[in-house]
Amino acid sequence: MALYKQVFSELDDGQRYVWLNLDIDMVSIGSRVSFEAFKPVAHMIKRLKFERENQTEYFYHFESRAMLSFVNAEEIHVVCQDGFWDWHQAIEEHGWPSSAENIFFIDVDKGLMMNGIELEKMCDDEFEALQRQYDEEDAEEARILFEELTTLAD
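For the sequence shown, position 61 matches number 67 in the numbering used here, and the numbering has no gaps at all.
1) Less than 8 Å between the CB atoms is what I'm expecting for residue 76 and residue 46, so what's the real figure, rounded?
2) Which residue comes first and which comes last in the alpha helix (DSSP H) that contains residue 97?
3) Under a Cβ-count criterion, where at least 16 other Cβ atoms within 10 Å of its own Cβ denotes burial, should residue 116 be classed as buried or exposed?
4) Pull the bridge partners of residue 58 from the DSSP assignment, please.
5) Taking just the CA atoms, how far does residue 110 sit from residue 70?
6) In angstroms with no decimal places, state the Cα-to-Cα distance between residue 162 and residue 105.
7) Between which two residues does the beta strand (DSSP E) harbouring residue 111 extend?
8) Taking the alpha carbon of residue 101 as the point to measure from, which residue in 152, 90, 12 and 68 has its own alpha carbon closest?
9) Using a 10 Å radius around the Cβ and a threshold of 16 neighbouring Cβ atoms, would you call residue 125 buried or exposed?
10) Name the residue from 134, 73 and 65 whose alpha carbon lies nearest to the alpha carbon of residue 48.
11) Whole angstroms is fine: what's the gap from residue 32's alpha carbon to residue 144's?
12) Exposed or buried, residue 148, counting other C-beta atoms within 10 Å across all chains shown (16 or more means buried)?
13) Which residues bound the beta strand (DSSP E) around residue 11?
14) Under DSSP, the beta strand (DSSP E) around residue 17 begins and ends at which residues?
15) CA-CA distance, residue 96 and residue 78?
16) Helix, strand or coil, according to DSSP, for residue 155 in the structure here?
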């Protein structure tokens, strides 16, 4: 059995194809090709990579649903064009054909990659730290205000 096969002729008039080993090769569709364009062959893809901004309305509300066409995707790499923070809770908000530990988010600017579980923990931890900071600042402002009010009452 040959390792590489001619695939994806379904995407064109049958005259073009690519050589892939679908068991090991990562299919990278970049940032401009829609998931819909791959719908006829999506079930064949086990390893998918794409670049998107989670905050764009089109991706968030529409294109993200098309990810479910990749029913056999065992591993997905997402290049986060808008950084990690904007992908916080994407695991829960979007339908994914594979589990969170097999979805990898890549922040090119920071040179980091982490799976969905790690990303959620990092963002949750950062959010909790910010919330504690805001709570402390609010408590300090309330203390100062109370002191000022107490001074006025005397």
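The beta-carbon is built from N, C-alpha and C at its ideal position, and this holds for glycine as well.
Since this is a predicted model, take the numbers as computed values, not measurements.
So, from the listed chains and residues:
1) Your numbering for residue 76 matches position 70 in the sequence shown. Your numbering for residue 46 matches position 40 in the sequence shown. With a Cβ gap of about 12 Å, residue 76 and residue 46 do not count as contacting.
2) Locating residue 97 in the sequence shown gives position 91, counting from the first residue. It spans 96 to 99 - the alpha helix (DSSP H) in which residue 97 sits, taken as one unbroken run.
3) The residue labelled residue 116 in the question sits at position 110 within the sequence shown. By the neighbour-count criterion, in which 16 or more other beta carbons inside 10 Å mark a residue as buried, residue 116 falls on the exposed side.
4) Position 52 of the sequence shown, counting from 1, holds the residue named residue 58. For residue 58, the beta-bridge partners assigned by DSSP are 86.
5) On the sequence shown, position 64 is the one that residue 70 refers to. On the sequence shown, position 104 is the one that residue 110 refers to. The alpha-carbon of residue 70 is positioned some 16 Å away from that of residue 110.
6) The first residue shown for the chain is 7 and the last is 160, placing residue 162 beyond what the model contains.
7) Residue 111 sits at position 105 when you count from the first residue of the sequence shown. Where residue 111 is concerned, the enclosing beta strand (DSSP E) starts and stops at 109 to 113.
8) Reading the sequence shown from its first residue, position 95 is the one you call residue 101. When each option's Cα is compared against that of residue 101, the closest is 68.
9) Stepping through the sequence shown from its first residue, residue 125 is reached at position 119. Flag for residue 125 reads buried.
10) Stepping through the sequence shown from its first residue, residue 48 is reached at position 42. With distances taken between Cα atoms, residue 48 lies closest to 73.
11) Counting from one through the sequence shown, the residue named residue 32 turns up at place 26. Counting from one through the sequence shown, the residue named residue 144 turns up at place 138. Taking the straight line from one Cα to the other gives about 49 Å.
12) Walking along the sequence shown from the start, residue 148 turns up at place 142. That one is exposed.
13) In the sequence shown, the residue the question calls residue 11 occupies position 5. Where residue 11 is concerned, the enclosing beta strand (DSSP E) stretches over 11 to 13.
14) Counting from one through the sequence shown, the residue named residue 17 turns up at place 11. For residue 17, no beta strand (DSSP E) encloses it, and the DSSP letter there is neither H nor E.
15) For the purposes of this step, residue 96 is identified with residue 90 of the sequence shown, where counting begins at 1. For the purposes of this step, residue 78 is identified with residue 72 of the sequence shown, where counting begins at 1. Counting only the Cα atoms, residue 78 lies some 20 Å from residue 96.
16) For the purposes of this step, residue 155 is taken as residue 149 along the sequence shown, with counting starting at 1. Look at residue 155 here: in three-state DSSP terms it is helix.
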